[in-house]
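Single-structure report; data block below.
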Amino acid sequence: MSQANVQYRVDRSAYTQILYDFFSKIGTTNIPDLVTSAVCILFLFIGKLYINPFITKRIPVPVPFELIAVVMATVLSYYLHFENDLHMKVVNHIPTGFPAPHAPRFDMIPDLILDAAVIAIVVYVVTFSVGKLFAKKHGYRVSGSQELRALSLTQLLCCFVHCHPASGSLTRSTINSQIGARSQISSVISASLMLLVILWLGPLLEALPMCILSAIIVVALQGMFMQFRDVKVLWKTSKIDLAIWIVSFTATVIWDVSQGLAIAIGFALITVIFRSQWPKTVKLGRVGDTNLYRDLERYGAKNAHPQVVVFRFDAPLLFLNAEHFKESGVKMVDEANAHLIREQSEIRVKYLIVDASGFTHIDHMGVNGIKELTEELKKGDVSVYIACCKAQVRDLCQMCGLYSTIPKSNFFPDIHDAVLHAVEQDENEEAFQTEQLDSKSL
Numbered sequence: 012m013s014q015a016n017v018q019y020r021v022d023r024s025a026y027t028q029i030l031y032d033f034f035s036k037i038g039t040t041n042i043p044d045l046v047t048s049a050v051c052i053l054f055l056f057i058g059k060l061y062i063n064p065f066i067t068k069r070i071p072v073p074v075p076f077e078l079i080a081v082v083m084a085t086v087l088s089y090y091l092h093f094e095n096d097l098h099m100k101v102v103n104h105i106p107t108g109f110p111a112p113h114a115p116r117f118d119m120i121p122d123l124i125l126d127a128a129v130i131a132i133v134v135y136v137v138t139f140s141v142g143k144l145f146a147k148k149h150g151y152r153v154s155g156s157q158e159l160r161a162l163s164l165t166q167l168l169c170c171f172v173h174c175h176p177a178s179g180s181l182t183r184s185t186i187n188s189q190i191g192a193r194s195q196i197s198s199v200i201s202a203s204l205m206l207l208v209i210l211w212l213g214p215l216l217e218a219l220p221m222c223i224l225s226a227i228i229v230v231a232l233q234g235m236f237m238q239f240r241d242v243k244v245l246w247k248t249s250k251i252d253l254a255i256w257i258v259s260f261t262a263t264v265i266w267d268v269s270q271g272l273a274i275a276i277g278f279a280l281i282t283v284i285f286r287s288q289w290p291k292t293v294k295l296g297r298v299g300d301t302n303l304y305r306d307l308e309r310y311g312a313k314n315a316h317p318q319v320v321v322f323r324f325d326a327p328l329l330f331l332n333a334e335h336f337k338e339s340g341v342k343m344v345d346e347a348n349a350h351l352i353r354e355q356s357e358i359r360v361k362y363l364i365v366d367a368s369g370f371t372h373i374d375h376m377g378v379n380g381i382k383e384l385t386e387e388l389k390k391g392d393v394s395v396y397i398a399c400c401k402a403q404v405r406d407l408c409q410m411c412g413l414y415s416t417i418p419k420s421n422f423f424p425d426i427h428d429a430v431l432h433a434v435e436q437d438e439n440e441e442a443f444q445t446e447q448l449d450s451k452s453l
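Per this note's numbering, the sequence shown starts with residue 12, numbered consecutively.
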């Protein structure tokens with residue numbers, strides 16, 4: 012869409028404004044620009060989709076159709092006077108040489124600091140995202156810290172030589188990938204050619220029609236359009252990820268890449284907060300005669316014991332979800348007791364075993380959530396056991412004084428040990444009560 016202002020002579024830069032100008036001024040389209048763009052796009056598509064796959068089976072080097080299109084269009088434009096006779100927009104004057112370097116104006120820092128911070132974040136995110144995209148495609152790894160250091164050094168040099176902030180480019184990287192580049196040598200060659208153009212060859216490209224450059228970018232982005240197929244996959248796998256995709260796409264279309272990326276990052280962070288605040292809670296049961304405890308509904312497991320509820324909380328226990336943790340634990344005990352009442356059983360739940368394997372991290376409010384759950388269940392004569400608790404989580408529990416509410420003897424290395432201990436405790440209590448009744452009868 013960003014190339015429409017070149018191909019159809021619309022003036023504004025925001026995508027929604029481009030769409031408005033496109034439809035409102037479609038009658039004023041420059042026909043030679045449109046025809047040239049269409050011919051170039053058709054030429055590149057045929058070359059890339061049909062000719063290059065046939066040629067690369069015999070020789071390892073693909074045909075550079077983009078270069079052929081640029082050279083042919085420049086020559087034709089120069090000798091046929093596209094700019095004057097057909098009123099086509101061309102590159103026009105390209106200044107040669109470099110401006111003299113000088114120190115940046117530090118007095119402008121207070122006025123530009125906020126804008127510079129936003130630009131820095133967007134530049135890093137765009138560059139790293141583009142790098143990850145092509146790393147996945149070509150099978151290599153990208154280091155975020157290394158990219159950050161490279162960008163920082165580049166921007167420091169740019170501020171002395173009148174350069175715009177340097178960033179990765181999706182369109183140019185896509186073109187580079189499609190013409191067969193596989194290493195940084197391609198960047199050295201591109202930079203060398205650009206140096207030749209800046210110093211000496213710039214005037215030779217002044218007659219190049221701008222629509223040719225736009226057509227090359229449009230064809231290079233054909234693979235990006237195929238990402239619409241991800242919508243179907245995301246609909247089946249994750250509605251939240253689909254929402255992030257839709258918000259990112261919509262924001263980018265309404266504004267531009269920078270604002271769209273910022274909105275997408277903000278929305279993604281909000282979804283992380285929501286998923287952390289209301290994570291999944293699962294009631295576990297024993298799988299057959301094994302020592303494994305899994306989701307009762309998914310694995311068809313059976314309840315470990317009528318008086319024991321095993322409860323798993325699939326998230327770090329933090330201030331965001333401590334209240335949800337407490338409410339979920341109480342709710343599971345209440346539901347188990349309600350089931351026993353429907354079965355006309357006289358027994359009630361006496362033990363809640365918390366599977367803490369999902370507690371990758373816990374904070375002070377999370378520990379308080381465990382305390383509040385324990386105190387709430389104690390009113391109904393229900394004891395709380397903790398199983399599968401990581402060492403760093405136990406250390407924080409000790410520092411926060413949890414052992415004054417739940418003794419260390421109620422912590423177990425795995426769920427089965429906790430269940431066996433609960434059953435043994437229940438049997439000992441029943442035996443003790445039986446002995447008391449027998450002594451009274453005597």
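Backbone N, C-alpha and C define an ideal beta-carbon position, used for all residues, glycine too.
Separation of residue j from residue i, as counted between CA atoms
{"i": "Glu386", "j": "Val321", "result": "18 Å"}
{"i": "Met343", "j": "Val136", "result": "43 Å"}
{"i": "Val172", "j": "Leu125", "result": "22 Å"}
{"i": "Phe330", "j": "Cys51", "result": "58 Å"}
{"i": "Val460", "j": "Ala161", "result": "This structure does not reach residue 460, given that the chain is present from 12 up to 453, and the question cannot be answered."}
{"i": "Tyr31", "j": "Asp267", "result": "15 Å"}
{"i": "Thr248", "j": "Leu232", "result": "26 Å"}
{"i": "Lys291", "j": "Ala326", "result": "8 Å"}
{"i": "Gln403", "j": "Lys59", "result": "56 Å"}
{"i": "Trp246", "j": "Phe117", "result": "50 Å"}
{"i": "Leu303", "j": "Arg297", "result": "6 Å"}
{"i": "Asn41", "j": "Asn95", "result": "13 Å"}
{"i": "Phe54", "j": "Phe285", "result": "49 Å"}
{"i": "Phe278", "j": "Ile255", "result": "7 Å"}
{"i": "Asn63", "j": "Lys147", "result": "23 Å"}
{"i": "Lys361", "j": "Phe423", "result": "17 Å"}
{"i": "Val264", "j": "Ala333", "result": "39 Å"}
{"i": "Ile312", "j": "Pro71", "result": "Before going further, note that residue 312 is Ala rather than Ile in the sequence given. Straight-line Cα distance between these residues: approximately 57 Å."}
{"i": "Leu206", "j": "Ile37", "result": "38 Å"}
{"i": "Met237", "j": "Val244", "result": "13 Å"}
{"i": "Tyr61", "j": "Val230", "result": "14 Å"}
{"i": "Ser454", "j": "Val81", "result": "Outside the displayed range of the chain (12 to 453) lies residue 454, so it cannot be described from this structure."}
{"i": "Gln444", "j": "Gln288", "result": "Unreliable placement is indicated for Gln444, whose pLDDT of 47 sits below 50; the coordinate value is still reported in the next sentence. Taking the straight line from one Cα to the other gives about 43 Å."}
Outcome for residue i when other beta-carbon atoms lying within 10 angstroms are tallied against a minimum of 16
{"i": "Cys174", "result": "exposed"}
{"i": "His221", "result": "The question names His, but residue 221 is Met in the sequence shown. Buried, because 16 or more other Cβ atoms sit within 10 Å of the Cβ of Met221."}
{"i": "Glu346", "result": "exposed"}
{"i": "Ser154", "result": "exposed"}
{"i": "Tyr90", "result": "exposed"}
{"i": "Ile257", "result": "exposed"}
{"i": "Asp44", "result": "buried"}
{"i": "Arg23", "result": "Low local confidence applies: a pLDDT of 49 at Arg23 is under 50, so the model's placement there is unreliable, with the coordinate-based value given in what follows. Classification of Arg23: exposed, given that the 10 Å Cβ count is below 16."}
{"i": "His92", "result": "exposed"}
{"i": "Leu272", "result": "buried"}
{"i": "Thr107", "result": "exposed"}
{"i": "Ser339", "result": "buried"}
{"i": "Val365", "result": "buried"}
{"i": "Leu210", "result": "exposed"}
{"i": "Leu219", "result": "buried"}
Best match in the options for proximity to residue i [C-alpha to C-alpha]
{"i": "Leu78", "options": "Lys147, Gln189, Thr165, Val434", "result": "Gln189"}
{"i": "Ser259", "options": "Leu280, Lys247, Thr248", "result": "Leu280"}
{"i": "Arg460", "options": "Leu224, Arg405, Thr165", "result": "Missing from the structure shown is residue 460; the chain here goes from 12 to 453 and no further."}
{"i": "Phe239", "options": "Val230, Ile228, Leu253, Val229", "result": "Leu253"}
{"i": "Ile276", "options": "Ile209, Ile132, Lys148, Ile373", "result": "Ile132"}
{"i": "Val102", "options": "Ser88, Ala111, Ser156", "result": "Ser88"}
{"i": "Val86", "options": "Trp289, Ala114, Leu215, Gln270", "result": "Leu215"}
{"i": "Cys170", "options": "Ala349, Pro112, His149", "result": "Pro112"}
{"i": "Pro317", "options": "Trp289, Glu357, Asp374", "result": "Glu357"}
{"i": "Asp374", "options": "Leu363, Tyr396, Leu328", "result": "Leu328"}
{"i": "Arg193", "options": "Val82, Tyr151, Ala177", "result": "Tyr151"}
C-beta atoms of residue i and residue j nearer than 9 Å
{"i": "Thr371", "j": "Ala226", "result": "no"}
{"i": "Leu388", "j": "Val341", "result": "yes"}
{"i": "Cys400", "j": "Cys408", "result": "yes"}
{"i": "Thr67", "j": "Pro73", "result": "yes"}
{"i": "Gly391", "j": "Arg359", "result": "yes"}
{"i": "Thr138", "j": "Glu158", "result": "yes"}
{"i": "Glu217", "j": "Ile57", "result": "no"}
{"i": "Ile426", "j": "Lys382", "result": "no"}
{"i": "Leu7", "j": "Phe336", "result": "Residue 7 falls outside the range modelled here, since the chain spans only 12 to 453, and no answer is possible."}
{"i": "Arg323", "j": "Gly369", "result": "yes"}
{"i": "Gly213", "j": "Gly179", "result": "no"}
{"i": "Asn187", "j": "Ser203", "result": "no"}
Review point. Which ranges does the alpha helix (DSSP H) cover as unbroken runs of at least 4 residues, wholly within the segment 303–388, from first to last along the chain?
Key: You should have 307–310, 333–353.
Practice item. Tell me the start and end of each unbroken alpha helix (DSSP H) in the segment 62–129 that is at least 4 residues and wholly inside, in chain order. Key: Runs found: 63–66, 76–91, 93–96.
**Study point:** Contiguous alpha helix (DSSP H) assignments of at least 4 residues, all confined to the segment 249–299
**Key:** At a cut-off of 4 residues, the continuous stretches assigned as alpha helix (DSSP H) that sit fully inside the segment 249–299 are 250–265, 268–288.
Review point. Enumerated in chain order, which unbroken segments of the alpha helix (DSSP H) with a length of 4 residues or greater are wholly contained in the segment 189–235?
Key: DSSP runs (the alpha helix (DSSP H)) wholly in the segment 189–235: 196–207, 221–231.
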